[in-house]
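Q:
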Amino acid sequence: MKRGSWTARILCSPFAYFLLAAALAPPLSAGTQGSAPPEKEKRPAELEALLASIQDLSRRLEEQREEIEGQRKALARQQERLDRLESLLALRASEGEAPAVAQAPPPQTMETLQRQLADTARATELLAHKMGNLSFRGDLRLRHEPTFGGTLPRTRNRERFRLRFHVDARLTDELSGGFSLSSGSESDPISGNQTMTDFYTRKPFAIDRAFVHYRPRGFKPFSLTAGKFGYTWHRTELTLDNDLNPEGISQTLSFDLESPLLENVTVVGFQLPFSESGNRAYSVMHGGQVQTSWRFRPGLRFGGYLAFYNWVRADPIRAAQTAGRLGGSANTNAATPAQFASNFALLDAIGRFDIDTGKAGWPLLLQFNFVSNTRACTNLSRVAGPAPACNPRDRHAYWMEAAIGRASAPNDVEIGYTFLRIEREAVLAAFNFSDIFASTNLITHRISLGYQLHRNVAFRFTGLFGRSLSTATSPGKERFNKRLQFDMSYKF
10 MKRGSWTARI LCSPFAYFLL AAALAPPLSA GTQGSAPPEK EKRPAELEAL
60 LASIQDLSRR LEEQREEIEG QRKALARQQE RLDRLESLLA LRASEGEAPA
110 VAQAPPPQTM ETLQRQLADT ARATELLAHK MGNLSFRGDL RLRHEPTFGG
160 TLPRTRNRER FRLRFHVDAR LTDELSGGFS LSSGSESDPI SGNQTMTDFY
210 TRKPFAIDRA FVHYRPRGFK PFSLTAGKFG YTWHRTELTL DNDLNPEGIS
260 QTLSFDLESP LLENVTVVGF QLPFSESGNR AYSVMHGGQV QTSWRFRPGL
310 RFGGYLAFYN WVRADPIRAA QTAGRLGGSA NTNAATPAQF ASNFALLDAI
360 GRFDIDTGKA GWPLLLQFNF VSNTRACTNL SRVAGPAPAC NPRDRHAYWM
410 EAAIGRASAP NDVEIGYTFL RIEREAVLAA FNFSDIFAST NLITHRISLG
460 YQLHRNVAFR FTGLFGRSLS TATSPGKERF NKRLQFDMSY KF
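Plus 9 on top of the position in the sequence shown (first one is 1) and you've got the numbering used here.
Here's what the structure looks like:
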């Protein structure tokens, strides 16, 4: 309750009258007890005047309280209006529209808002100092996943969740870093999902990222990332799963251009070791990517990406799969228990169009990805024992994707379709898209529908319908394997 309201109630209460009367009454003595006070006729008039003044003061205090309450409500309404205008300006800015000029609030309200912003800035700065410039975020995804059809003997229903927690730190103007924890099996690098099973036992929660990022102040086009980190280059799940975080070092050179057509050129290099042992040679993935960003006209952007992945001495991956030390996707490349029939040197080309349709909240994405393994079936000479069957023509993979809408603000909707075709030796089957029923030698149709209920809460349906390719070794057509995913995600 407001202070003014308590003051008014106390002053107007009978208890106040009693105290006032007691204070004004003369002390009793033996000589005067029972006799009338000398000012008997004058005292009641003074008392009535004083009481009238008190009541007038109480009324004014109550009016002042009501006025303050009205100003508080008006300020709250003004703040809501400013929040709506800020959201609208941010939305228009993201869509490339010129922001409208908002009407300035009344001077009194603006002064109050400025004081509040200054207080918030001071509190944020103090909190950042106490927390060592750390920021925290995370997400939880709940999933119901039925799988049926194809060669499966029966329908399989799984309840799954994925929990991730991220800590980011800005150490200096040049140095930043962070780490992440994620649910999922520790032997499965391409999925953070944890199936609700194993008799209610506790679920693993392990290090998913741990990295440092350096960008020198004197040469801002250059940056370096080291540790276990998220992708520093553009790719699709045709080659590497979204949940995989590589380990090693990545370097980037990025240049913005003053050309009306070509806006940016970036070169990324990476050296990513994946197996090290004292009794054999070092295994590493060397690669790089050239990235270009084009603006053909307002509302039409194109990104062109050309990458090369060279998996040097990949056979330890196959041996780890056979021994059960590496989980995730079952191997579908031609291989023996210890060796692959192919080496993997992948040429990866991606073209992406981002189109402004002119309708707010409905951008259009078109993306195409082509992969060719330039060293398919070239490891057969090193295979000990009988060599597996390997066709060097089975080296190509295709990804065609279209999506309209976006799921970022409340009530946003996103609709997408993807077609992918992966031949048996096109990619390294251990690390690509984890949700398809086989990693290679298949075609798959993916449809998706997303809805953003709240700023932090989203729902998504994904349907994956795939079957094995018809080849000389498997000429018949299988029934489609069907996997449905019903997701609810919460970000914090």
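We treat Cβ as the ideally placed atom computed from N, Cα and C, and that holds for glycine. Owing to the predicted nature of the structure, the values given are computational and were not obtained by experimental measurement.
Decide if the region 255 to 267 is in contact with the region 217 to 234; the criterion is three or more beta carbon pairs, one per stretch, under 8 Å apart.
A: Judged by Cβ distances under 8 Å, the region 255 to 267 makes contact with the region 217 to 234, as three or more pairs qualify.
Q: If the criterion is Cβ atoms closer than 8 Å, does the pair I456 and Y407 meet it?
A: No.
Q: Pop quiz: H351 and N319 are said to be a contact at Cβ under 8 Å. What is the actual Cβ separation, rounded to whole angstroms?
A: Checking the sequence, you will find Ser at residue 351 rather than His. Not really, about 13 Å apart at Cβ, beyond 8 Å.
Q: Apart from the five residues just before and just after T275, which ones in its own chain have a Cβ nearer than 6 Å to its Cβ?
A: So the list reads S263, Q300, once near-sequence residues are dropped.
Q: Kindly examine the ligand GTP and report whether one of its heavy atoms sits closer than 7 Å to the Cβ of E78.
A: With respect to the ligand GTP, the structure shown offers nothing to examine, as it has no ligands at all.
Q: Does the beta-carbon of H222 have 16 or more other beta-carbons within 10 angstroms, so that it is buried, or is it exposed?
A: That one is buried.
Q: Can you tell me whether S390 is buried or exposed? The criterion is at least 16 other CB atoms within 10 Å of its CB, across all chains shown.
A: The residue is exposed, with fewer than 16 neighbouring Cβ atoms inside 10 Å.
Q: Which term fits Q372, buried or exposed, when burial requires 16 or more other beta carbons within 10 angstroms of its beta carbon?
A: Residue identity differs from the one stated: residue 372 is Pro in this sequence, not Gln. Buried is the call here.
Q: According to the neighbour-count rule (16 or more other Cβ atoms, all chains shown, within 10 Å of its Cβ), is N340 buried or exposed?
A: That one is buried.
Q: Who pairs with M294 in a beta bridge, going by DSSP?
A: Its beta-bridge partners are L281, W320.
Q: Give the DSSP-derived three-state secondary structure of K237 in the structure shown.
A: Strand.
Q: Alpha carbons only, please: which of Q461, R464, L493 is nearest the one belonging to T471?
A: Of the listed residues, the one whose Cα sits closest to T471 is L493.
Q: Could you pull the start and end residues of the beta strand (DSSP E) that D148 belongs to?
A: Note, D148: beta strand (DSSP E), 143 to 158.
Q: Got a sec? Which residues, its chain only, sit under 7 Å from L271 by beta carbon, not counting five neighbours each side?
A: Cβ neighbours of L271 beyond the five flanking positions: T301, W303.
Q: Between which two residues does the beta strand (DSSP E) holding M205 run?
A: No beta strand (DSSP E) contains M205, which DSSP labels as neither H nor E.
Q: Tell me the rounded alpha-carbon separation between E195 and A215.
A: When rounded, the distance between both Cα atoms is 7 Å.
Q: Straight-line CA distance for R322 to N382?
A: Distance between the alpha carbons of R322 and N382: 15 Å.
Q: What does a CB cutoff of less than 6 Å around A502 pick up in its chain, not counting 5 residues either side in sequence?
A: Since the displayed the chain opens at 10 and closes at 501, residue 502 lies outside it and no answer follows.
Q: Give me, in chain order, the residues of the same chain whose beta-carbon lies closer than 7 Å to that of A61; leave out the 5 immediate sequence neighbours on both sides.
A: If we look at A61 and ignore the five residues flanking it on each side, it has no Cβ neighbours.
Q: Short of 8 Å in beta carbon distance, which residues of its chain neighbour N142, apart from the five on each side in sequence? Order them along the chain.
A: A178, R179, L180.
Q: On the three-state DSSP scale, how would you describe D496?
A: Here D496 sits in strand by DSSP.
Q: Considering only residues of the same chain and omitting the five flanking positions on each side of N490, which have a CB-CB separation below 6 Å?
A: Only G158, G159, F446, G475 meet the Cβ criterion.
Q: Any idea what DSSP makes of G79, helix, strand or coil?
A: The answer is helix: DSSP assigns G79 an H, G or I state.
Q: Can you give me the C-alpha to C-alpha distance between L266 and F174, rounded to a whole angstrom?
A: Each residue's alpha carbon lies about 37 Å from the other.
Q: On the DSSP bridge list, what partners appear for N166?
A: P155, per the DSSP bridge assignment.
Q: Tell me, please, whether the region 244 to 255 touches the region 434 to 444 by the rule of three or more beta-carbon pairs shorter than 8 Å.
A: Output reads yes: the region 434 to 444 touches the region 244 to 255.
Q: Helix or strand or just coil, what does DSSP make of T261?
A: Of the three classes helix, strand and coil, the one that applies to T261 here is strand, per DSSP.
Q: Quick one: Cα of F495 to Cα of G394, how far?
A: For F495 and G394, the distance between alpha carbons rounds to 46 Å.
Q: In the DSSP assignment, find the beta strand (DSSP E) that holds R476 and state where it starts and stops.
A: Start and end: 466 to 477.
Q: Skipping 5 residues on each side, what residues in its chain have a beta carbon closer than 6 Å to that of L151?
A: Correct list, in chain order: F170, M497.
Q: What are the start and end residues of the beta strand (DSSP E) that includes Q382?
A: Looking at the sequence itself, residue 382 is Asn, so the reference to Gln does not match. That run of the beta strand (DSSP E) goes 373 to 382.
Q: Going by beta-carbon coordinates alone, are D421 and Q461 separated by less than 8 Å?
A: Closer than 8 Å, so yes.
Q: Taking all protein chains shown into account, do 16 or more other C-beta atoms lie within 10 angstroms of the C-beta of R488, making it buried, or fewer, making it exposed?
A: Burial call: exposed.
Q: Smallest Cα separation from T241: which of M205, G297, D357, S286?
A: When each option's Cα is compared against that of T241, the closest is G297.
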